[in-house]
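In this note's numbering, the protein residues as written are 6 to 671. Positions of the beta carbon are idealized from the N, C-alpha and C atoms, including for glycine. Just below is one structure, and these are the notes that go with it.
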């Protein structure tokens with residue numbers, strides 16, 4: 006199925022187009038709109054024919070004339086479109102290694118993403134255009150394991166057989182684990198051999214098996230074991246194995262985010278993918294970054310350059326509406342990983358906290374340390390932080406009892422009296438049981454004027470049945486009223502129904518049911534015009550608030566198959582306000598709870614000011630559950646560590662305590 010955005014122009018006439026381009030460049034100035042309209046609406050094969058016709062009619066080189074008439078980024082884009090794909094890749098690589106310095110990112114992007122046939126065509130085009138051997142030039146311009154992997158990719162000998170051996174999958178996963186995580190040092194040759202030669206289908210299963218036996222995705226091991234350009238190359242290979250479209254969506258996003266635009270990257274991808282998978286890239290881009298590629302280009306570029314890029318993009322997905330016709334492409338989104346959807350819903354890494362029970366624990370000794378830290382003039386905050394952040398919650402509860410028994414005093418009251426500000430909230434929160442802490446956060450969210458719906462949603466959407474039951478009990482004990490009653494009186498409409506449903510703690514805990522998942526996906530995808538808004542939210546509530554996590558992961562995959570949209574995209578398009586936010590929180594928690602919290606933590610610290618309430622709440626509540634996983638997702642998503650962000654964004658004893666909970670620098 007063709008997934009490019011540029012197609013053969015119907016009724017094509019090469020001579021007529023050559024004449025139109027000649028007229029557009031004749032005389033003083035040039036008609037840039039005519040040039041971009043014509044060239045961006047013809048396929049590459051047709052453009053090559055136009056070049057030949059132009060030469061026959063006028064005895065001139067069309068590319069040379071375009072270079073003369075046009076300037077800047079617009080000229081680079083139009084000229085790139087005129088070259089056959091292999092020659093365009095050859096030119097990019099030649100430019101990447103010519104002169105002083107090497108553009109390693111360009112080498113990585115091209116060689117990690119091309120098929121065997123595309124690699125063979127590239128090597129031949131390079132030889133034809135520059136009368137040089139590409140392999141020799143790359144050997145001369147790179148070094149080490151980076152060079153070795155590039156040369157392996159340059160052979161274009163990746164296996165293409167879709168028949169996969171389960172035994173070989175298990176062996177390759179084991180070999181990768183032994184070559185990295187289980188070895189003193191790293192056996193880079195094993196990584197090069199397996200990732201450079203095995204088929205895509207085989208490697209996807211290897212990645213699933215690796216996750217199963219190691220408890221972490223292969224990307225995280227690569228980050229830990231490899232470094233520099235070699236690490237970047239291997240990560241690009243893994244991303245392209247999982248989903249080439251997702252890899253390019255991420256490259257495009259990074260090319261345009263922040264100040265300035267990486268125009269070379271933007272041009273190269275828009276040209277090279279316009280006749281291959283631009284529609285898939287657009288779909289992934291919209292789902293992953295919550296805005297269309299079209300609008301991102303529109304906001305980040307200008308002039309004829311912008312017009313030409315938008316033509317290659319082929320359409321605005323946000324303007325199309327949520328209920329466009331389903332696409333026949335089914336496999337692509339199921340391979341997406343870094344956007345938060347596990348490619349295999351039955352394989353999830355083991356959840357691990359950063360705070361573990363301390364060996365040789367002595368509750369009496371810790372109580373004495375804390376008493377000494379608060380006795381007399383001044384307070385030893387460092388001693389308090391060291392004890393409280395390095396003990397498990399169960400151990401802290403024993404310290405509370407020991408303190409009371411020894412000194413006849415309430416440790417919580419003493420801490421409250423001695424500490425202040427953000428540090429006090431953090432330390433006091435750590436001294437409560439998880440259920441007490443959640444109950445307190447929920448109570449604060451509903452009491453007084455106004456309601457903090459975001460906290461209600463975060464807690465209720467992410468806790469399991471056992472945690473919900475404990476919260477209900479703690480809430481009743483602390484506030485002498487039922488949580489369900491407070492949620493009912495302080496919220497309204499569909500949000501109230503969602504929160505009350507979650508507060509029951511009756512989510513199914515069984516495995517996926519494929520037949521039921523298909524039916525559930527059909528219900529979520531049903532957008533008949535006869536449906537009222539009420540029944541739409543009711544359908545989502547009845548499925549998202551009651552089905553088990555493994556089952557819902559399968560539902561989401563079935564939904565993509567039916568609509569070619571991620572369920573998140575459908576929620577954003579069909580719903581609004583707190584109801585939308587509640588359903589999105591449930592979906593993201595189901596897909597990848599650590600990634601959900603990583604995103605919340607990042608948003609609490611990015612930009613001016615820090616949302617300390619959110620930062621404190623998540624660091625406390627996840628420290629013994631999955632904060633180690635959250636750290637991994639954080640660096641995967643944002644290319645910087647949680648430790649680094651906390652260190653940069655906070656200060657003093659509050660920072661010291663947060664870093665102790667964080668547990669390490671990644």
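- In this structure, residue 655 and residue 663 form a Cβ contact; the two beta carbons are roughly 6 Å apart against a cut-off of 8 Å.
- In this chain, the alpha helix (DSSP H) harbouring residue 621 covers 617 to 627.
- Using a C-beta cut-off of 8 Å, the segment 208 to 223 makes contact with the segment 245 to 252, since at least three inter-stretch Cβ pairs fall below that distance.
- Cβ-Cβ distances below 7 Å link residue 122 to nothing in the same chain once the five nearest sequence neighbours on each side are left out.
- Minimum Cα-Cα distance from residue 504 among the listed residues 514, 488 and 519 corresponds to 488.
- Counting C-beta atoms within 10 angstroms of its own C-beta, residue 301 has 16 or more neighbours from the protein chains shown and is therefore classed as buried.
- With distances taken between CA atoms, residue 203 lies nearest to 120 out of 186, 506, 120 and 666.
- Membership of residue 25 in the alpha helix (DSSP H) is indicated by the continuous run 19 to 30.
- It is roughly 21 Å from the alpha-carbon of residue 36 to the alpha-carbon of residue 54.
- Looking from the CA of residue 561, the closest CA among 543, 24, 597 and 215 belongs to 597.
- Cα atoms of residue 284 and residue 550: separation of roughly 33 Å, rounded to the nearest angstrom.
- Counting C-beta pairs with one atom in each stretch, the segment 258 to 269 and the segment 543 to 558 have fewer than three that are closer than 8 Å, which means they do not touch.
- Under a 10 Å Cβ-count criterion, residue 78 is classified as buried, with 16 or more other Cβ atoms of the shown protein chains found around its own Cβ.
- The beta carbon of residue 137 sits closer than 6 Å to none of the beta carbons in its chain outside the five residues before and after it.
- Contact holds between the segment 514 to 531 and the segment 563 to 575, because three or more Cβ pairs, one in each stretch, are under 8 Å apart.
- With respect to the 8 Å criterion, residue 594 and residue 588 are not classified as neighbours on the basis of their beta carbons.
- By the criterion of a C-beta distance shorter than 8 Å, residue 429 is surrounded in its chain by 420 and 421, once the five residues flanking it on both sides are discounted.
- Taking the Cα of residue 16 as reference, the smallest distance to any Cα among 583, 110 and 47 is reached at 47.
- A straight line joining the alpha-carbon of residue 661 with that of residue 516 spans about 42 Å.
- Put simply, of 637, 84 and 652 the residue whose alpha carbon is nearest the alpha carbon of residue 228 is 637.
- Per DSSP, reduced to three states, the secondary structure at residue 368 is helical.
- Cα atoms of residue 541 and residue 461: separation of roughly 22 Å, rounded to the nearest angstrom.
- The Cβ atoms of residue 51 and residue 14 lie closer than 8 Å to each other.
- Ranked by Cα distance from residue 282, the first of 253, 415, 617 and 642 is 253.
- Distances from the CA of residue 438 to each of 398, 477 and 423 were compared; the closest alpha carbon is that of 398.
- Non-local beta-carbon contacts of residue 142 in its own chain, meaning distances under 7 Å to residues more than five positions away in sequence, involve 102 in chain order.
- Ranked by Cα distance from residue 132, the first of 407, 400, 317 and 99 is 99.
- Just so you know, the alpha carbons of residue 233 and residue 670 end up roughly 18 Å apart.
- Shortest Cα-Cα distance from residue 471 to any of 454, 512, 501 and 634 involves 512.
- With respect to residue 359, residue 667 sits close: the two C-beta atoms are nearer than 8 Å.
- When DSSP states are grouped into helix, strand and coil, residue 630 belongs to the coil group.
- For residue 290, the enclosing alpha helix (DSSP H) stretches over residues 283 to 294.
- Counting along the chain, residue 251 sits inside the alpha helix (DSSP H) bounded by residues 249 to 261.
- Going by beta carbons, residue 107 and residue 147 fall inside the 8 Å limit.
- The alpha-carbon separation between residue 222 and residue 215 amounts to approximately 7 Å.
- Out of 140, 67 and 507, the CA that lies nearest to the CA of residue 124 is found in 140.
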